[in-house]
Every structure is written in structure tokens, then in C-alpha cells.
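To keep things clear, I will list the structure first and then write my remarks on it.
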Amino acid sequence: MSSPIDHRQLADEMEIYFLNESVGAGLPNWLPHGVAIRDSLEAFVKDLEFKGGYQRVISPHLAKADLYQASGHLRAFKEDMYPPIQWPEDQSQYYLKPMNCPHHHMAFAALPRSYRDLPLRLAEYGQVYRFERSGSLKGLSRVRGLCQNDGHIYMPRSKSLDEVISVLELHERCYRALGLKGYRYRLSKHDPHQMQKFDGEVSLWQESEKILKEALDKLNLEYFEAEGEAAFYGPKIDVQMKMNSGIEESIASVQLDFNSGKKFNLQFINQDGKSEHPWIVHRAPLGSHERFVALLLEFYQGRLPGWLAPIQVHLIPVREEHIENARQLAQELRMQGVRAQVEMSQGSVSKKLLFSHRLRPFSYLVIGDKEIKEGVYNLQRSNMSELMGLQEMIFRLKELLKQP
Ligand SMILES: [Zn+2]
Numbered sequence: 553m554s555s556p557i558d559h560r561q562l563a564d565e566m567e568i569y570f571l572n573e574s575v576g577a578g579l580p581n582w583l584p585h586g587v588a589i590r591d592s593l594e595a596f597v598k599d600l601e602f603k604g605g606y607q608r609v610i611s612p613h614l615a616k617a618d619l620y621q622a623s624g625h626l627r628a629f630k631e632d633m634y635p636p637i638q639w640p641e642d643q644s645q646y647y648l649k650p651m652n653c654p655h656h657h658m659a660f661a662a663l664p665r666s667y668r669d670l671p672l673r674l675a676e677y678g679q680v681y682r683f684e685r686s687g688s689l690k691g692l693s694r695v696r697g698l699c700q701n702d703g704h705i706y707m708p709r710s711k712s713l714d715e716v717i718s719v720l721e722l723h724e725r726c727y728r729a730l731g732l733k734g735y736r737y738r739l740s741k742h743d744p745h746q747m748q749k750f751d752g753e754v755s756l757w758q759e760s761e762k763i764l765k766e767a768l769d770k771l772n773l774e775y776f777e778a779e780g781e782a783a784f785y786g787p788k789i790d791v792q793m794k795m796n797s798g799i800e801e802s803i804a805s806v807q808l809d810f811n812s813g814k815k816f817n818l819q820f821i822n823q824d825g826k827s828e829h830p831w832i833v834h835r836a837p838l839g840s841h842e843r844f845v846a847l848l849l850e851f852y853q854g855r856l857p858g859w860l861a862p863i864q865v866h867l868i869p870v871r872e873e874h875i876e877n878a879r880q881l882a883q884e885l886r887m888q889g890v891r892a893q894v895e896m897s898q899g900s901v902s903k904k905l906l907f908s909h910r911l912r913p914f915s916y917l918v919i920g921d922k923e924i925k926e927g928v929y930n931l932q933r934s935n936m937s938e939l940m941g942l943q944e945m946i947f948r949l950k951e952l953l954k955q956p
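Everything in the sequence shown is counted per my numbering, starting at 553 for the first residue and increasing by one.
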């Protein structure tokens, strides 16, 4: 068996993104094939989130120092943030957003909230910036600009278990639909011997950890426990997956945060007419586009499922005179929502097919005299080929490319 190909090589061959010194290290520039994957992932998860009762928000890419002072990022996370931008008029400082959480907390605080509005589920594909050291940058898996499948759920303490369960169900649905295997859950807890690293009372840590444990047990999910791996504001459930490198990494995490509601003085009016701080679930089932696309490329070795493939049908004209027909056919397929692309390189069919192989389309068609004259096409993918007329092929493709 040949050794697995690294996502950087796959992305290079498939024209997913590029890096450029003038743009800056660790700042990927997405090419059309990469954006096709991102857009498909977003459409898929936004649909699930919409059905799960999430509402979408959009926050700016930067904010004043005040916000990150309040969130504690400037205290605990400053090393990982870009240096500030000095505002010329009033000397105030702005920072590029390192995390979406404080922005979503502001969105919670923007309107009066009652227990009737909760759980409030806010979601955003939010761009964040982290000043990773030059030596640690790696393709799409370690970058300085990334777009997260972020979301926060604000709820009364009593609703925490239900919400954590539905968030874990959302994770499971995503990973099943994506065909991911070989991941496991880790319950990351506080360390009672190092309480200086963890905010809040021990009893709240114990209670919140019990809730996460109960959610995992109720769903019959296998997990292992790790002491001291919690976030400083609460325990979490990490999704751990072994990468091609053999190293196990966290691809997502569900955090139960009993601290930030109080810290940001977020309030809702409870059933007794009294003001109460919400508990918060932080979640990002598909992590960031950057790391998740890297993961999917390596997991599938570039041969993505049809609905995610950047090129769903690659049309290979036999000779120059077949290009126009191939273009027309590609346009008809696009009108049906199929990502069709004509191979424009010169040379023999076998040379074009070799080039097509690098791009890893979901399927391909060779277009020559016979196909144009008879209107019958040989739709080829992995080790299969099917002879069909145009309408039948469109019908078949729609079935093969359906979003799960
Ligand atoms: Zn968060």
C-alpha cells in the first residue's frame, strides 16, 4: 500500500488554495475549487443548524481592546493575537478577532432576554485571526486566518443537559453524513490539584462535568476521561481523530461554560421574574474550514464524496474541435446545479486524463465525434462507467451528488 498523501500536496494538485509571501505567511488564499468545498460544507451544516433552531449572526473581523480585555483574551491569549491597530483619531486600539465567543456574548446582551427566549442558539461561520509562530505554520492545518463553524447556546442551567445532548447529536449527524471514521470522544475535566488554572467553584466544575458525562452516557457514545484538559471556563467534550501523520488531534469540541455568563454580566429574566446568568455551550462541529478541509482531503485522499467534490463532472474534449460542444454540455450541467468543468489543456486524451486525475474529479466524460453525433455519454468514476443520454445522465448525477 502506498503511503498516504499529505493534504498540502493534495490541495496543490487539486488547486484548492495558495500561499503568497506578499499576502503573508499562514494566510491561505482560497481558489475556486477550495471555495466549492467550503460552500458545500456550509450549505450542509447551515441547513442542519437551521433545523436545529439556530439563528445566524455576523460579527466584525476586529474590535476594540475593551472587548478582549473584558473577555480575558488580552490577559490569557495576547501572545496568540495580532498586534493592535492604533486608531489615529482617539488613540484607541483595535485587535483582529481571535475568537467569536465574546462577539456572540455581545449579541446575547444586545436585546432584553427572558427565559421564554431561551435556549438562544447563535451561529456564525466566523473569521478569526491567530498569530501562530512561523515555525508552527503548516498548510491548512495550522494557519493565522481561519473561518470557524462556530455557535453558542445560551440557556438556563437547568437546560444544559438537553442542549449538550442535541449538540452531540448534531456532531454525530455531521460525521455520519461525511463518512468519518476512527474518531473518539474525550471528556476533558478540570484538575482539582491545579485550581489556579480553572475559573469558578469546584462544585460547579463537578456539576458541569456530571452533565457532560450524562449526555455521553445517554447517547451511548464511547469516551475516555482526561483530567486537566478542560478550558479555563468549563469542561468540554473533545472529538479526537487520528490523522494520517499518526498523531491524534482534536477536530471539534463541545464546551459547557458556567463562567462567561457571569463574567460578561449576561442576564435573562427567569420564571420568578428575577435576573439570572445563562450557562453557555460553545460548539463547532466542523471546526474551521481550514483544518476541516485538510482533514477531509487526507481522509479521502482527495477523492471526496460527490456532493463535496470541487469538480463533479470533468469534461475531456478529444480534440480542439470538440471544445465548443464540451462547453455547451458543461453549461447544461451547470444549469442543473452540477459543478462541471471542461479540461482546456492541449495534447492527447491520455495526457488530459492524467492531468484530470490530479484534480480528482468525482466523475469524467470524454467528448469526441462519437459522443457528439450519438448524444450518448460514458460517465466514468472510480472503477465504474455508465453509458447514458443527457437526460438520464442528469437524473443519475442528481442522485449521486445529493447532499446527505
Ligand atoms: Zn466560544
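Glycine is no exception: its CB is placed at the ideal position from the N, C-alpha and C atoms.
Note that this is a predicted model, so its numbers are computed, not measured.
Would you check if the distance between the CB atom of Ala767 and the CB atom of Leu713 is smaller than 8 Å? yes
Residues near Ser897 by beta carbon distance below 8 Å, same chain, minus five either side: Lys903, Lys904, Phe907
Please find out if some non-hydrogen atom of ligand 1 comes closer than 7 Å to the beta-carbon of Cys653. yes
Looking at His704 and ligand 1, is the gap between the Cβ and the nearest heavy atom below 7 Å? yes
Locate the alpha helix (DSSP H) running through Phe776, then write down its first and last residues. Looking at the DSSP string, Phe776 is not in any alpha helix (DSSP H); the run it does join, the beta strand (DSSP E), is 775-779.
Chain-order list of residues whose beta-carbon lies under 6 Å from that of Ser688 (same chain, five-residue window excluded): Arg694
Cβ-heavy atom distance between His834 and ligand 1 below 7 Å? yes
DSSP state of Ile832, grouped into three classes? strand
Pick out whichever of Ser554, Glu601, Pro580 has its Cα sitting closest to the Cα of Cys726. Glu601
Rank Ile568, Val587, Ser623, Gly920 by C-alpha distance to the C-alpha of Gly813 and give the top, closest one. Ser623
Proximity winner among Ser574, Glu753, Arg590, relative to Leu849 (alpha-carbon distances): Arg590
Along the alpha helix (DSSP H) that carries Asn877, what are the first and last residues, could you check? 875-887
Proximal residues to Gly752 (C-beta, below 7 Å), its chain only, five neighbours per side dropped: Phe810, Asn811
Output the distance between the C-alpha atoms of Leu562 and Gln853, rounded to the nearest integer angstrom. 7 Å
Span separating the alpha-carbon of Asn772 from that of Pro837: 18 Å
In this structure, does DSSP put Ile863 in helix, strand or coil? coil
Around the C-beta of Ile610, are 16 or more other C-beta atoms found within 10 angstroms, so that it is buried, or is it exposed? exposed
With a Cβ-Cβ cutoff of 8 Å, do Gly691 and His559 count as a contact? yes
Backbone CA spacing between Lys826 and Val865 [nearest angstrom]: 59 Å
Per-residue burial, Gly576 [other beta carbons within 10 Å of its own, 16 or more giving buried]: exposed
Among Leu764, Val845, Gln748, Leu732, nearest to Met793 - alpha-carbon criterion: Leu732
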